[in-house]
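Reading through the C-alpha cells given below for one structure.
Protein chains: 4
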Amino acid sequence: MIRKEKILFAALKLFANEGYDATSTSKIAKAAQVSEGLIFRHFTNKKGLLEAILTESEKRVQQIFQPIINETDPKQVLRLTIEAPYQSKKKDFDFWRLVFKLKWDTNYNNPNKMNFVLEKLTESFQKLGYKNATNEAIMLIQVVEAISISIVRAEGLDVESFKQFLFEKYQV
Amino acid sequence: MIRKEKILFAALKLFANEGYDATSTSKIAKAAQVSEGLIFRHFTNKKGLLEAILTESEKRVQQIFQPIINETDPKQVLRLTIEAPYQSKKKDFDFWRLVFKLKWDTNYNNPNKMNFVLEKLTESFQKLGYKNATNEAIMLIQVVEAISISIVRAEGLDVESFKQFLFEKYQV
Amino acid sequence: MIRKEKILFAALKLFANEGYDATSTSKIAKAAQVSEGLIFRHFTNKKGLLEAILTESEKRVQQIFQPIINETDPKQVLRLTIEAPYQSKKKDFDFWRLVFKLKWDTNYNNPNKMNFVLEKLTESFQKLGYKNATNEAIMLIQVVEAISISIVRAEGLDVESFKQFLFEKYQV
Amino acid sequence: MIRKEKILFAALKLFANEGYDATSTSKIAKAAQVSEGLIFRHFTNKKGLLEAILTESEKRVQQIFQPIINETDPKQVLRLTIEAPYQSKKKDFDFWRLVFKLKWDTNYNNPNKMNFVLEKLTESFQKLGYKNATNEAIMLIQVVEAISISIVRAEGLDVESFKQFLFEKYQV
DNA sequence: TATGAATGAGTATTCATTCAT
DNA sequence: GATGAATGAATACTCATTCAT
C-alpha cells in the first residue's frame, strides 16, 4: 500500500475509535508507520486529513442510495431504504462510525446530506396513500439511521429480526 | 452565583458546544471568570468536572421518566414517552446536547441507561395487542431519541407537527 | 499534641524521606491533619518551616557533643566520638537523615558545623602522640559520619562489629 | 555541539548544583538554548534525561576502578584506591557531585554499586595480614568517598596532605 | 488560633506544524 | 517523495501563598 493511503487508513481508524480531537498526528504517524512530517506534506494539516477522509463519505453515501433514487416502485423504495444499513461491510464500520460521530462536531456536520433520500421517501409514501407522507419519511429515516448506528457500534440489537419487523410493518 | 457553580455552568456550555476534548481547562476558567487552579481544587481533574456534570444527568433522566414508569394505562405510557422530549426547557438544551454527544465518547457512554423505559414500553405494547412488542418498543425509543436530538440541536424539524403525527399513529 | 508540633513532625518525616523540594505544603498539611493555611500562619513560608526544624539540629548536635568537649582524657574523647552515632534513638533517625541530606542542599549547608569537634579531636590525637593529629582527626570524623549515615539509613552494615573494630584500632 | 548533548550538559550542571527536583525542564531548556519540547523528543521525560546522564556514571566508575580490580599486588590496590578520587578532572566535578547527591534520592540510589571494590580491598587487607580485613576495607572506602566529596565540593580540605597521610598510614 | 476558598505563577509534557536534508 | 530534528504554543495539573471569615 502506498504511503498516502496508509496514513488515510490509520487516521480513519483512530478518528473513528478515539475521536478527532483525541487523536494526535504523532499517533497517526506511528500507526501508519510513516514520519509525522509526511502527513503534512500530503494533507497540509490535520483538518485536511479529515477532509480527505470525508470527501469519500459523499461518494459512498451516493453509491448506497443511488439504487433507491433510481427505483420507481414505491414499495421497493421503502424496502431498499430499510435494507441499506445492512449492506455496509465490516471493514467499513470504522468509516461509518466516524461519519456518525462527526454529526456531533459542528465543524463537520452537514445536516442536509440526506435530503435527497427524504424527498424520495416522501414521494413514495404519498404514492402508497399514506396520510402524512412527510412525517412518515422522517420517521423511517430516523429509524434507519438508528439501526445503522446500532450495526456499526455492535450494540447487541437483534438487527436481523428488526429488519423483518420493518418489512412487515411497511408491508414490503 | 458561587464560584463552584460558575465553573459547572461554563464547563457544561463549552463541553456541549465544542466537545469535551476540544475544551481546555483554561477556556473554562476564563468563561467562568475564575482562576484555572480552582477547577482542580473543586473537581480534582478535568474528568472529575465532567463527571460532576453527568451525575446530574442520571437524576434528570430519572425525573423525566418516573411518571412513565408509574403509569399503568398502556396508551398513556406511549403518550408520555412521546411527549417526554418536548418537556425539556431551552436552558437545559446544553445539558442534553452534552449527554447525547457523550454517547459517542466510549469512555462515558452507558448504553443500558434507558433499558428500564424499554421494558415498560414493551410491556405496554404487549397489553395493547401489538404483535411484535419488543421491536415496537425499540422503534419508538429510536424515534423519540431522534426527536430529542432534533429539538436540542434546533435542526429545523417541525417538532410539533411530528408529535401530533405520532399521537395519531399510535392512537394515543 | 498541639497543632504547631504536628506540622513540625509531619514536615520532618516528609522532608527526610522525600526531600524538601519534593514535599509540597499540601502533603504536609494532610499528613499533619491541619489546614494548609496554618502552616503559613505558624512558619511564614515553607522555608521558615524547614528552618524551624533545623534550629533544633544545632541544639541536638551540641547536646550530643557536649560531653566530648568537656572531657579531658584524650582516649575518652576518641571513645565518646566513636560512640556518638550509636546514641541516637530510632525515633530521631528521620531527623538525622534530613540533616545529612541537607548537606547536599547548598542553601542549607553549614560546612563548619563540626569544627569544634574537629579541634577537640586534633588536640586529643596530639596528646596521644599521633604524628599527624589534624589528618587523624579529619579521618576519624569522616568515618564517624559515615557510620552515622549507615545507621540512620539502615544500610545493613554490621555497626556493632565496626564499633568494636574502631575501639581496638584506636585502643580505647 | 549537537543539541542533544547541549541538553545533557546543561541538565548535568543544573541537577548537580540545584538538585533534580529543584531543576525545571524550562530552566534546562533555557540553559541549553533549545526549545523545551526538544528535551522530551530526545529523552521522553525528565526522569529519562536523568537516567541518560546516570548511564554514563556506571561506565565512569567502572573505568576508574578497573585498574584496581586488575591489580594483584595488595599494597598497590590500596594505593590505587587512595589515589582514585584525585584522578577526576575539574570538568567532571559536576558529574560526580550529582552522583553523590543522588545517593540521597531513594529513587536513584544503588547502594551496592561499590561492592566489587569492597571485595577487592578486603582481599588485599587479608593478604597484608590485617586482623579485621572486612572492617578495614569498609573504613578505607568510607574515607576515600569522603575525600572524593571534599574534592568535588571544593570544601577547603588540604587534600594533597591528606593523601600523603593515607599513604603513610597504610604504608603504600 | 484555625480554616478553606481562591489565586497566579509554574510544572512536566503534548501538540500541530515547519524545515533542512 | 520522505525523514527526523526542531519549535513554540498549548495542555492538564500542582505549587506556595494570601485572605476573608
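Residue numbers (our numbering), protein chains in the order written: chain A, 783 to 954; chain B, 783 to 954; chain C, 783 to 954; chain D, 783 to 954.
Beta carbons are placed, not taken as given, at the ideal position from N, Cα and C, and that holds for glycine.
For B/Gly819, the secondary structure class from DSSP, reduced to helix, strand or coil, is helix. Neighbours of B/Val925 in chain A, taken as residues whose beta carbon is under 7 Å from its own, are Met921, Gln924, Val925 in chain order.
Our two residues, D/Phe797 and D/Val934, have alpha carbons roughly 14 Å apart in a direct line. Bounds of the alpha helix (DSSP H) holding C/Met921 are 915-934. By a beta-carbon distance limit of 8 Å, D/Ala866 contacts D/Phe847. Their separation comes to about 7 Å. Among the residues facing chain B, A/Leu910 is not included, as its CB has no counterpart in that chain under 8 Å away.
The beta carbon of C/Ala804 sits closer than 8 Å to some beta carbon of chain D. As the crow flies, the alpha-carbon of B/Leu790 is around 33 Å from that of A/Glu833. The C-beta of B/Leu794 comes no closer than 8 Å to any C-beta of chain A. A Cβ-Cβ contact shorter than 8 Å links A/Thr807 with A/Glu818. If you compare the alpha carbons of D/Glu840, D/Tyr912, D/Ile864, D/Asn917 with that of D/Ile929, the shortest gap goes to D/Ile864. Under the DSSP assignment, A/Thr826 falls outside any alpha helix (DSSP H); it carries neither an H nor an E label. Take C/Lys829, set aside five residues on each side of it, and no residue of its chain has a beta-carbon closer than 6 Å to its own. From the beta-carbon of B/Pro893, the residues of chain A found nearer than 7 Å are Glu937. In this structure, C/Leu939 lies away from D/Ile931, with their beta-carbon atoms at least 8 Å apart. Nearest to D/Lys795 by C-alpha distance, out of D/Leu910, D/Ile784, D/His824, D/Phe877, is D/Phe877.
Relative to the Cα of D/Phe822, the nearest Cα in the group D/Asn917, D/Lys786, D/Leu836 belongs to D/Lys786. Cβ contact annotation for A/Tyr912 (same chain, cutoff 7 Å, sequence separation greater than five): Glu918, in chain order. Inclusion of C/Arg861 and C/Val954 in the CB contact set at 8 Å is warranted, their separation being smaller than that value. With fewer than 16 other Cβ atoms inside 10 Å of its own Cβ, C/Lys841 counts as exposed. If you check each beta-carbon in the stretch 873-892 of chain B against every beta-carbon of chain A, the ones closer than 8 Å belong to Phe882, Lys883, Trp886, Asp887, Thr888.
Taking the C-beta atoms as reference points, B/Lys909 is found nearer than 8 Å to B/Pro856.
Annotation: C/Asp803 to D/Asp803 spans about 6 Å, alpha carbon to alpha carbon. Look at A/Pro893 here: in three-state DSSP terms it is coil, with no helix or strand label. Taking all protein chains shown into account, B/Ser943 has fewer than 16 neighbouring C-beta atoms within 10 Å of its C-beta and is therefore exposed. Between the alpha carbons of D/Ala793 and B/Lys873 lies a distance of about 53 Å. In its chain, beyond the 5 residues on either side, Leu831, Ala834 have a beta carbon closer than 7 Å to the beta carbon of A/Phe825. In the DSSP assignment, C/Leu862 falls within the unbroken alpha helix (DSSP H) covering 856-869. Contact note: D/Gly801 reaches chain C through Asp803, Asp887, using a C-beta cutoff of 7 Å and chain order.
In this model, C/Thr805 and A/Val816 are separated by some 43 Å (Cα to Cα).
From the listed residues B/Ser839, B/Tyr868, B/Ile810, B/Leu884, the smallest Cα separation to B/Asn827 is found for B/Ile810.
Shown here, D/Trp886 sits in coil according to DSSP, grouped into three states, outside any helix or strand. With fewer than 16 other Cβ atoms from the protein chains shown falling within 10 Å of its own Cβ, A/Ile851 counts as exposed. Secondary structure of B/Thr805 (DSSP, three-state): coil. Look at A/Ala928: its C-beta is under 8 Å from a C-beta on chain B. Bounds of any alpha helix (DSSP H) do not take in A/Glu937, whose DSSP letter is neither H nor E.
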